[in-house]
Amino acid sequence: MKICMIIALMLFGFAHNAMGQTIPDEIRTDYTAVKKELGQVLWDLSKNTGVNIAFSKEKIQADSLVSLSVKNEKLGTILNQLFVNSDLKYEIVGNQLVIKKDEFINVEEIITLTGKVEDASSGEPLIYANVYLLDPSIGTETNEDGNYSLTISSGVQRLYVSYLGYKKTILELKLKKDSTLNIALEPESLLNEILILDEDLVEIEKSLSSSSELPVDQIRSIATLGGESDVIRLAQMMPGVSTGADGFGGINVRGGSADQNLILFDGVPVYNTGHALGIFSIFNSNTIKSAQLMKGAIPARYGGRLSSVLDIRTKDGNYKKTGGEFSLGALAFKGTLEGPIIKDKSSFLISYRRTILDPWIKSLTEYINEFVNKKGFAEYYFYDLNAKLNFKLNAKNKLAVSFYRGRDLFDNNVTTFTSFEGQETQELNQDNWSWGNQLAVAKWNSRISDKLFANLTAYQTKFDFASFDHQRFEEQDTFFQAGLYKSKISDLGVKLEFDYLPNPSNYFKFGVSAIQHQFNPGLINKNEGSDDIDNSLVLRQEDLDERLNEADISNLELTAFVEDEVNFGKYLTFNLGCHISNVQTSTKSYTSYQPRISFMANGDDFWLKGGISRMNQYLHLLSNSGLGLPTDLWIPSTDKIAPEESWIYTLGAGVDFQKGLFGKIEGFYKTFNNVVSYSEGALLPINSNNEWDQNIPIGKGNAFGMELSLDKKLGKMLWFASYTVSFSNRKFDAINSGQQFPFRYDRRHQIKLTLIRKLTENAEFSLNWIYGTGNPLTVPYQLIEFTDEDGVRRLLPIYNEKNNETLPDYHRFDIGFNFYNDYSFGRQKFTIGLFNAYNRKNPFYLELRRNVDRPERFEYAQYSLLPILPSLSYSLSF
Amino acid sequence: MRSLIFISFIVIFSSCVDEIQLDSSTEEQKLVLHCELSEGLGVFAKVSESLVIGSLEQFDKIEDAQVAISTPDMIEPVALIYDENTGDYVSSFFEIVEGKTYAVTASLPDMDHEDIEAQVTIPSSEEIRILDLQSVDVNFYTVRLEFDLNNEMNFYQIIPKANVYNFSGSGSNILYEHNDKLLTLDLVEGANFDEAIHELEHKDGFLVNEALLEDNILDLTFQLTGGQLEADEIIRYLNLEVRTTSSSYYNYHKAVSKQLFSGQNPTVSEPSLSYTNVQNGYGFLGAFSTKQDSLQIN
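Read top to bottom, the protein sequences are chains X and H.
Going by my numbering, the first sequence opens with residue -10, and the numbers climb by one from there.
Going by my numbering, the second sequence opens with residue 107, and the numbers climb by one from there.
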């Protein structure tokens, strides 16, 4: 019979605050004994460690002979090893150890301890918190819902529970039967966002996958653009991650393209993560609890993308008291409110962010246009809304409902008035772009038994992008060119996942899911020659919308997975699994079996790990690489476009240099098949009437490289430095004459440095420096003239090779200062920062043009996106 | 104050455009040849120079190039003379014969350019039959073509034109009178566009790569785009000019067409590689042979 133990159990034992106290049985020593009397061995150990060990010679048979050999081992572990085949145990009494008979010797030997780990001040579940015994190889971590299960021997056990940013908790438990224990950890009372002084809290690598746990706790300390903390910008600082200029176009992980990253927002895929075309992400940092980036050795529970997984989890909301944060920066306003609906039973969280620059952008562009004899203006804004409700239905069941909506809108309408040979002419230029995501999720989390947890999630995720451009020139005749380009994708999904922990050596995860994908890509171009357009009317987006007739494609993706993380003793762990998926198109069925194998061998100060993953992807993103302007067109696998596949091989090693300094080296090799691209030259309109998919070139690619990093996680100054060298190539029969060429985002070398330094109790500063060799792109070096059939002389660029040139190197230095003030009602924070502090003109794209002063001369103009940008922001949390 | 802030923003962001130099230091100007040979036509070749981006050169006319045409069995090549009126290097008497191979050379003795040379064989004109022609809607026509898929996989440029007739009367007493109007038709929809058929941006008609056709029968839909019909006008015949072309003609015009499309639509297509069969230079030497066929519209 299970005994349900509440936190009051802590009254039976005692909880330690690990900071500043040494527990007698944790003192380490070396010792060797060969057939020595037990009493003498205990005496020697007491002398070596300085810990008094009390025992009765008669009761413990002190003259029995024992043999032992240990090196730098904890005293408690040594004693457990000595008593393993006996009925003896030790107990801590004050500062000494007392040896006595084990009263639990005849009770059930193996029991299961299960429960939740939460934040004591908010009730927020803590993800991947460590729960382990004196022997740390006997332990586990909480899952994505904060649940844990540990199958251990009965008797007196010391349980350690730790999590970064929280005080380590140690519990002395007397366990006789299966028990439930919920643990609340106290957060560190930090005066500012980051400060890690306890070496015990700084962990050596624990994940088998090639991953980076993004330090979300530091996200608000790091120097940012416009004062906006951003988890995607944080991911960009990780080795192996590259982007276009200033985040434009998404992230590319280890030579993969932007669509090959599975970005999960509370377990739900997100298709586009960028506001302002990638300069900012859609993730409001106020709502984020954790973020993990997996670049290789990806566990079987993830699938659907080739290159990486970015798993972002949001907060539940404070179960205990109402609070919030409001901030105003140079770019945006943000407000977050959270609190209990019913204390400790249900909570809410709502957060809204919106840009505030709209009036300025409109006025500025209107002003500039007036200056150059034009009329019109540009507008731009974006917003995000996050909302979440959580309900603890009972001790074993929880329901969460969440919603996200975000949108970007850009409008530019300008008319130029000119006079030519006495005739007034006008030229209209219109660009209207809009895009956004919407997510709705319902999740039920259940503890089915002490060893089995389940999650049932139902969701909808949508992304749409529309671009309308229109140029109209009116002289004697009317000339115009208009295009509408739309991309819509909508998923309806349900997934059922289980965590099963039968014993400390095995952690099974398995599950199934079904996703109904709906794609609506559409592309249409019209000009004055188009038969169905009245040239006298000024075209609007709606006019092309009526004629667009988007393609309507849907398919059903079914997946199943199983994985087991197996511990072979203290030093070796394997994760073995398989992810299986299937998609049906109109005439074909694609099934993929994706084995995933990874291992980690670790000592106290080092680790070695590696893995092989096969990945599959039924969605493709068509992205232009000529000018570097991304045009995200999501298309599905069809009868003619097979799913993309990859193999990822990784091998790495790491060292703990002590005092919180860690070093890591990792190599990777990836192969890609069935990747897609826009074709060279003509692309047919994409609509429901034509077989557009037979004009999509299909190819393959590879990527390989090495990452070196050093990470200081302890003390008043934290820093992270990395160097990456990588190669990434693609090959299509129909592109570049079938020759291999460098991938668009193949940055050969990257160096990244992030530093955060506490200046005083209430102030800190941070800096970033990032360097990357330029992206490849296709440029002509020469031009020729030719005369067409109508006698018109035209210029033709000579393109000899794809991605034949490299843009100038990208580098940037950011600096920021944070100042804090605490008041009775809350905390204030002022941030001042400088983005791109030395005003580096990083290349955004190139344009071939005539020299303004000498029109006979052709030159390349480099456009840069973000110059030096100061920022100032204020936030108030309560 | 408002103006000051705006000017500051303009200054900051306008400094975001710079001229840069790419690594074109190893690029050298080259001679460019544009020449199409066909039986029954004279020889007309355009010779020009390429322009290295970033240099101070310009596109100048080249009037003093030494341009010549020859066959393998000729002892001396025949020089082409510069025509000031057209800007071409011409020979009106040199005979082009189907099946023969010709070489064109060009050089500028006083300059640093390398001499250029290109070769082409004049293809034999092949038969393409129009099996059926229907008017499906106002200005829309479907055509069924039959290719002779022999062992030689040919390249074609097909130029459809509509013969316009005036009509009068009604019922069984309609009178048709041919007028000189010849309207162009654009390809709207084809049975197979998988690189077998390519519509041209800079020339009439479309290209066909016979080797990529899945079947020897091709169904195409055309739209009348080259003008409007008057109330008393009707299209009675579809006229097909079929040019059997050399591979160089096909590849060059296809590459040019793709590049022009890419330049107009940079966001939805990849830059297209250039083609040349000119040694040490750019441009092309191509050839074609022509056959005509027409069919009355049902």
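A virtual CB, placed ideally from N, CA and C, is assigned to each residue, including glycine.
Quiz item: Using a Cβ-Cβ distance under 7 Å, would TYR770(X) count as near chain H?
Solution: It does: the Cβ of TYR770(X) has a partner Cβ on chain H nearer than 7 Å.
Quiz item: On the three-pair Cβ rule with 8 Å, is the segment 661 to 668 of chain X touching the segment 683 to 690 of chain X?
Solution: By the Cβ test, the segment 661 to 668 of chain X is in contact with the segment 683 to 690 of chain X, since at least three Cβ pairs between them sit closer than 8 Å.
Quiz item: Of all Cβ atoms in chain H, is any one closer than 7 Å to the Cβ of SER787(X)?
Solution: Note that residue 787(X) is Ile in the sequence shown, not Ser. It does: the Cβ of ILE787(X) has a partner Cβ on chain H nearer than 7 Å.
Quiz item: In chain X, what lies closer than 8 Å to HIS416(H) by C-beta?
Solution: The displayed coordinates of chain H run from 107 to 404. Any statement about residue 416(H) would go beyond what the structure contains.
Quiz item: What residue does the beta strand (DSSP E) around VAL664(X) start on, and which one ends it?
Solution: Where VAL664(X) is concerned, the enclosing beta strand (DSSP E) starts and stops at 650 to 665.
Quiz item: Taking the DSSP output, what are the residues bridged to LYS163(X)?
Solution: In the DSSP secondary-structure assignment, LYS163(X) is bridged to VAL145(X).
Quiz item: Which class does THR325(X) belong to by DSSP, given the choice of helix, strand or coil?
Solution: Strand, per DSSP.
Exercise. At 8 Å on the CB atoms, spell out the chain X contacts of TYR388(H), in chain order.
Key: Going along chain X in sequence order, the residues near TYR388(H) (Cβ under 8 Å) are GLN771, ILE773, ILE787.
Practice problem: Can you check DSSP and say which residues form a bridge with ASP33(X)? | Solution: In the DSSP output, where bridge partners are listed per residue, ASP33(X) has none listed.
Quiz item: To the nearest angstrom, how far is it from the Cα of GLU316(H) to the Cα of TYR358(H)?
Solution: Distance between GLU316(H) and TYR358(H), taken at the CA atoms: about 16 Å.
Quiz item: Relative to the alpha-carbon of GLN225(H), which residue among THR177(H), PHE150(H), GLU305(H) has its alpha-carbon at the smallest distance?
Solution: Closest in alpha carbon position to GLN225(H), among THR177(H), PHE150(H), GLU305(H), is THR177(H).
Quiz item: Roughly how far, in whole angstroms, is the beta-carbon of GLN573(X) from the beta-carbon of GLY293(X), given that I think they are within contact range, below 8 Å?
Solution: In this structure GLN573(X) does not touch GLY293(X) by the C-beta definition: roughly 16 Å separates them, more than the 8 Å allowed.
Self-check item: Contact set between the segment 344 to 360 of chain H and chain X, restricted to residues whose Cβ is under 7 Å from the partner
Solution: Of all residues in the segment 344 to 360 of chain H, none comes within less than 7 Å of chain X when Cβ atoms are compared.
Quiz item: Is there a Cβ from chain H that is less than 7 Å from the Cβ of GLY767(X)?
Solution: Reading off the sequence shown, one finds Thr at residue 767(X), where the question assumed Gly. With 7 Å as the cut-off, THR767(X) counts as an interface residue toward chain H.
Exercise. For ILE159(H), go through chain X and note every residue whose CB falls closer than 8 Å to its CB, in chain order.
Key: Neighbours of ILE159(H) on chain X, chain order: PRO769, TYR770, GLN771, LEU772, LEU837, PHE847, GLU848, TYR849.
Quiz item: Quick one: what's got a C-beta closer than 6 Å to ALA376(X)'s C-beta in the same chain, skipping five residues either side?
Solution: Spatial neighbours of ALA376(X) in its own chain (CB-CB distance under 6 Å, excluding positions within 5 residues in sequence) are listed in chain order as ILE339, PHE392.
Quiz item: Does DSSP put LEU162(H) in a helix, a strand or coil?
Solution: Residue state, collapsed to three classes: coil.
Self-check item: Interface positions of the segment 339 to 367 of chain X facing chain H (Cβ-Cβ less than 9 Å), listed along the chain
Solution: Within the segment 339 to 367 of chain X, the residues whose Cβ lies closer than 9 Å to some Cβ of chain H are TRP349, SER352, LEU353, TYR356, ILE357, PHE360, listed in chain order.
Quiz item: Of the residues PHE273(H), ILE341(H), GLY392(H), which one's Cα is nearest the Cα of VAL242(H)?
Solution: Comparing Cα positions, the closest option is ILE341(H).
Practice problem: Quick one: residues in its chain with C-beta nearer than 7 Å to the C-beta of LEU326(X), no 5 flanking neighbours on either side, listed in chain order? | Solution: Counting only Cβ-Cβ distances below 7 Å, and skipping sequence neighbours, we find GLY313, ILE339.
Practice problem: Mind checking which residues open and close the alpha helix (DSSP H) that includes LEU796(X)? | Solution: Note, LEU796(X): premise wrong, no alpha helix (DSSP H); not H, not E.
Self-check item: Below-7 Å beta-carbon distance, PRO377(H) vs any chain X residue
Solution: Yes, PRO377(H) lies at the interface with chain X (some Cβ there is under 7 Å from its Cβ).
Quiz item: At what residues does the alpha helix (DSSP H) containing SER864(X) begin and finish?
Solution: SER864(X): not part of any alpha helix (DSSP H); member of the beta strand (DSSP E) spanning 858 to 866, first to last residue.
Exercise. Could you check which residue in VAL120(X), ASP134(X), ASN362(X) has the C-alpha nearest to that of GLY128(X)?
Key: Just measuring C-alpha positions, the residue of VAL120(X), ASP134(X), ASN362(X) sitting nearest GLY128(X) is VAL120(X).
Quiz item: Along the segment 199 to 224 of chain H, what residues have a CB closer than 9 Å to any CB found in chain X?
Solution: Listed by position, the residues of the segment 199 to 224 of chain H near chain X (Cβ gap below 9 Å) amount to none.
Quiz item: Using a Cβ-Cβ distance under 7 Å, would ASP399(H) count as near chain X?
Solution: ASP399(H) does not count as touching chain X.
Exercise. With a threshold of 16 other CB atoms inside 10 Å of the CB of ALA503(X), please say whether the residue is buried or exposed.
Key: Flag for ALA503(X) reads exposed.
Quiz item: For ARG250(H), which beta-bridge partners are listed by DSSP?
Solution: According to DSSP, which records beta bridges pairwise, ARG250(H) is partnered with ASP238(H), ASP325(H).
Quiz prompt | Run of the alpha helix (DSSP H) containing PHE732(X), from where it starts to where it stops | solution = Looking at the DSSP string, PHE732(X) is not in any alpha helix (DSSP H), and its letter there is neither H nor E.
Quiz item: Does any residue of chain X bring its CB to less than 7 Å from the CB of GLN172(H)?
Solution: When Cβ-Cβ separations below 7 Å define contact, GLN172(H) makes no contact with chain X.
Quiz prompt | Touch test, the segment 284 to 293 of chain H against the segment 253 to 273 of chain H, Cβ-Cβ under 8 Å, three pairs minimum | solution = At 8 Å Cβ cutoff, the stretches touch.
Quiz item: Residues in the segment 700 to 733 of chain X with C-beta within 9 Å of chain H's C-beta atoms, listed in sequence order?
Solution: Under the 9 Å Cβ criterion, the segment 700 to 733 of chain X contributes ALA723, ILE724, ASN725, SER726.
Practice problem: Compute the Euclidean distance between the alpha carbons of SER853(X) and PHE732(X), then round it to the nearest angstrom. | Solution: Taking the straight line joining both Cα atoms gives about 21 Å.
Quiz item: Identify the residues that DSSP records as bridge partners of LEU597(X): which are they?
Solution: LEU597(X) is bridged to ALA590(X), ALA642(X).
Quiz item: Would you say the segment 409 to 425 of chain X touches the segment 433 to 448 of chain X, given that touching needs at least three Cβ pairs under 8 Å?
Solution: Because the criterion of three Cβ pairs below 8 Å is not met, the segment 409 to 425 of chain X and the segment 433 to 448 of chain X do not touch.
Exercise. Give the DSSP bridge partners of ILE740(X), in chain order.
Key: BP columns for ILE740(X) point to TYR712(X), TYR760(X).
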